[in-house]
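With this note's numbering applied, the sequence shown covers 1091 to 1381.
Report on the following structure.
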Amino acid sequence: MAGVLGRRLGFAVAVVVAASGWSLGGADPVIETDENGNLHIHNSPSSVKRILLNGVDVLKEIEELRVICGVDASTTAAPLPPTPTPVVFDGPVHCDLNGVPNNVTHVNGSIIFIGCTGSLASQLQVLQTVARVSGNVEISNNNALQTIDGLDELTWVGGSVVIEYNSALTGVDGLNSLETIGQDLTITLNPKLGDLDGLDQLSSVNDTLNIRVNNGLQNVDGLSRLTKIGGALHISNNAALESIEGLGSLVEVGDTVSVCSNPSLNATIAEIMLDNLGTCQDFSEASCLSC
Ligand SMILES: *[C@@H]1O[C@H](CO)[C@@H](O)[C@H](O)[C@H]1NC(C)=O
Ligand SMILES: *[C@@H]1O[C@H](CO)[C@@H](O)[C@H](O)[C@H]1NC(C)=O
Ligand SMILES: *[C@@H]1O[C@H](CO)[C@@H](O)[C@H](O)[C@H]1NC(C)=O
Ligand SMILES: *[C@@H]1O[C@H](CO)[C@@H](O)[C@H](O)[C@H]1NC(C)=O
């Protein structure tokens, strides 16, 4: 009885210590919540690492269960590092990057690079920690821009991604973490863009995907993970486009599918690939007619 009470008191003391922000000799608090509401309990730095819940030594219990279940502890995952504190910047972010701290992780608003003069490529480096943008990412009319390296951590865009009228742009490799786009993805009028190879993590475009008038674009292999387009799919007037095999993972298109006026593309093969998708299909070597 006394033992149980002692253990209960011990647990209560540990909670009080944590709640008042003290640490047990180490740098981190014993118990803390991060900004995402995750609860972290850190082991005591001593060699006896016990976490007691109502007197039950839970780590020991888990270890014993592993033995019973034959799970090799060395193969189980290491504890996750604490989620870093997000650094939120209220956008919009424009060419001058005025006031944007170089550790920003969340842009609340849009990133709008339209007609930026100077070296946008080096400016983009300031954004290399940005993981989420709640608004749009628009990169348009930047005549000197060759790559968009610098957005490598960007995984989620709540609005649209627009890459348009960038006459020197050769690749979109810098978007290689992007997984989800809340609205449209528009890639238009980038004459030197040869492929979409940076977009290989993209799995969902919630609204329309437009790929139009990119005269150097040869394939869309970079979209090989794209499974869902919530709106329409339009691929048109891309003079060099030979293959859309990169869309082979696509299982859902919410609106119309049109693949027209791509003179290097065999429209029959495109049709075979995408025929069961969307609400209306239009495949043609010439202009779109039916949808
Ligand atoms: C981010 O940078 C700003 C300004 O340089 C600094 O005040 C802040 O402490 C940094 N935040 C984190 C979480 O590193
Ligand atoms: C985002 O910005 C808007 C104003 O534009 C503000 O009302 C809102 O609180 C901000 N949200 C976050 C999470 O900072
Ligand atoms: C996707 O689009 C629908 C319809 O416009 C909207 O209701 C939903 O919130 C969007 N989802 C995301 C993740 O943006
Ligand atoms: C397009 O592909 C189909 C099916 O493989 C083939 O029958 C047709 O000849 C091809 N058309 C052209 C113009 O190459």
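Virtual Cβ for every residue (Gly too), placed ideally from N, Cα, C.
Check, Outcome
"For Val1251, list the residues DSSP reports as bridge partners.", "Val1227 and Leu1275"
"For Ile1229 and Asn1356, what's the separation of their Cα atoms in angstroms?", "31 Å"
"Under the rule that 16 or more other beta-carbon atoms within 10 Å means buried, what is Gln1215, buried or exposed?", "exposed"
"Using the beta-carbon count (16 or more within 10 Å), is Glu1254 buried or exposed?", "buried"
"Considering only heavy atoms of ligand 3, list every residue whose Cβ is less than 5 Å from one of them, following chain order.", "Gly1272 and Asn1296"
"Just list the residues that DSSP pairs Ser1326 with in beta bridges.", "Arg1302 and Cys1350"
"Quick check: the Cα distance between Gly1240 and Ile1202, rounded to an integer number of angstroms?", "15 Å"
"Whose C-alpha, out of Val1223, Ser1250 and Ser1351, is nearest the C-alpha of Asn1296?", "Ser1250"
"Quick check on Trp1112: does DSSP put it in helix, strand or coil?", "Low per-residue confidence applies at Trp1112: pLDDT is 38, beneath 50, and the placement is therefore not dependable enough to give any value."
"Tell me the DSSP secondary structure of Gln1213 in three-state form.", "helix"
"Do the CB positions of Thr1298 and Asp1274 come within less than 8 Å of each other?", "yes"
"What do you get for Leu1379, buried or exposed, if any count of 16 or more other CB atoms within 10 angstroms of its CB means buried?", "exposed"
"With respect to 7 Å, is the separation between the Cβ of Pro1191 and the closest non-hydrogen atom of ligand 1 below this value?", "yes"
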